[in-house]
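Peer 1:
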Amino acid sequence: NVINTVCQKLEPIVQSINEIDTSIIERGDSVAGNIANYDKRNYLKQLLERSNTKTPHRWTKARFDIAEEYNNKSAIDLSELIQQIAMYQSESLSYFDNYDVLIAPVLHKAGFKHGDIMDTSNKDWNYVTKGTFLRAYNVTGWPVLTLRCGTNTDGYPIGLQIITAPWKDEIALKIGQILEKELGGWIPPKNMFN
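Per the working numbering, residue 964 is the first one in the sequence shown, and the count goes up by one each step.
1) To the nearest angstrom, how far is the alpha carbon of ASP1117 from that of TYR1062?
2) Thinking C-alpha only, which one of ARG1111, ASP1040, LEU1146 and ILE1138 is nearest VAL977?
3) Taking C-alpha atoms, which residue in GLU989, GLU1143 and GLN971 lies nearest to GLY1113?
4) The beta strand (DSSP E) spanning ARG1111 covers which residue range?
5) When DSSP labels each residue in this structure, what does THR985 get in the three-state scheme?
6) For CYS970, I'd like the list of residues in its chain whose CB is within less than 6 Å of its CB, leaving aside the five on either flank, ordered along the chain.
7) Nearest-angstrom Cα distance between PRO1129 and TRP1105?
8) When the Cα of LEU1044 is compared with those of LEU1146, LEU1123, ARG1098 and ALA999, which residue comes out closest?
9) Measure how close the beta-carbons of LEU1123 and VAL965 come, nearest whole angstrom, since I'm counting them as under 8 Å.
10) Does the beta-carbon distance from GLN1052 to THR1103 come in below 7 Å?
11) So, ARG1098 versus ASP992, is the Cβ gap smaller than 7 Å?
12) Between which two residues does the alpha helix (DSSP H) containing ALA1049 stretch?
13) Does DSSP put VAL1064 in a helix, in a strand, or in coil?
14) So THR1127 is in the alpha helix (DSSP H); what residue range does that whole segment cover?
15) With a CB to CB cut of under 8 Å and the five nearest residues on each side skipped, what residues in its chain are close to GLY1147?
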């Protein structure tokens, strides 16, 4: 387990390392989904249009299909969403009452080859769209440093996130520097393309 290896590397230089309840972070995935689908992803359609993108990626098209399931929202719905975001951000900050840093994987499993076709009806699609560890920090706005911290048996990269409280970026950078040294530094990926 990569997280265990990272904790072993940090143990001699930090005061304590604890596993935490991740239920608040997991809820962030739901909040992020509500934000993304609020306007049926019209914001994304506008970005694609402004960038002259004629053919969106298949994942983007699938996200449009998901967003179409949402009903048109009212100003009251928007107000409730803003309150939900503010409450989530406030609750999430409680992690930093007792900790300076959170360490989490980037995704639930290692990367995959660029160009692979993923079946959007199976767990692979879920693995990408339900990036619990990613989306929560987009909602909170916390500083996050992403670091390659290993390679799986297939040679694909394993990513790690170092998360700190707002305005504490320097802590993430320092820990990232230590871990990069301890874990052997950046290694270019091999065989990542089909």
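Backbone N, C-alpha and C define an ideal beta-carbon position, used for all residues, glycine too. Remember, predicted model here, so these are calculated numbers, not experimental data.
Peer 2: Reading from the atomic positions:
1) Working through the sequence shown from its first residue, we reach residue 1117 at position 154. Working through the sequence shown from its first residue, we reach residue 1062 at position 99. Spanning the two alpha carbons is a distance of roughly 34 Å.
2) Taking the sequence shown and counting its residues from 1, one reaches residue 977 at position 14. For VAL977, the nearest C-alpha among the options comes from ILE1138.
3) Here the question's residue 1113 lines up with position 150 in the sequence shown. Across the set GLU989, GLU1143 and GLN971, the C-alpha of GLU1143 shows the shortest separation from the C-alpha of GLY1113.
4) Here residue 1111 is taken as the residue at index 148 of the sequence shown, counted from 1. The continuous beta strand (DSSP E) containing ARG1111 extends over residues 1107–1114.
5) In the sequence shown, residue 985 corresponds to position 22, counting from 1. Correct three-state label for THR985: coil.
6) The residue given as residue 970 occupies position 7 in the sequence shown. Exclusion of the five residues before and after CYS970 leaves ILE980 as the residues of its chain whose Cβ lies within less than 6 Å of its Cβ.
7) Residue mapping note: residue 1129 aligns to position 166 of the sequence shown, counting from 1. Residue mapping note: residue 1105 aligns to position 142 of the sequence shown, counting from 1. Rounded to whole angstroms, PRO1129 to TRP1105 spans 5 Å at the Cα level.
8) Position 81 of the sequence shown, counting from 1, holds the residue named residue 1044. If you compare the alpha carbons of LEU1146, LEU1123, ARG1098 and ALA999 with that of LEU1044, the shortest gap goes to ALA999.
9) Translated into positions along the sequence shown, residue 1123 becomes position 160. Translated into positions along the sequence shown, residue 965 becomes position 2. Contact holds; Cβ gap of about 6 Å.
10) By one-based count along the sequence shown, residue 1052 stands at place 89. By one-based count along the sequence shown, residue 1103 stands at place 140. Yes. Within cutoff.
11) In the sequence shown, counting from the first residue as 1, residue 1098 sits at position 135. In the sequence shown, counting from the first residue as 1, residue 992 sits at position 29. Yes, they are a contact pair.
12) Stepping through the sequence shown from its first residue, residue 1049 is reached at position 86. Following the DSSP letters along the chain, one finds ALA1049 inside the alpha helix (DSSP H) bounded by residues 1038–1055.
13) Here residue 1064 refers to the residue found at position 101 when the sequence shown is read from its first residue. Strand, per DSSP.
14) Position 164 of the sequence shown, counted from the first residue, corresponds to residue 1127. It is not in any alpha helix (DSSP H) - THR1127 instead sits in the beta strand (DSSP E) that spans 1120–1127.
15) Along the sequence shown, one-based indexing puts residue 1147 at 184. If we look at GLY1147 and ignore the five residues flanking it on each side, it has no Cβ neighbours.
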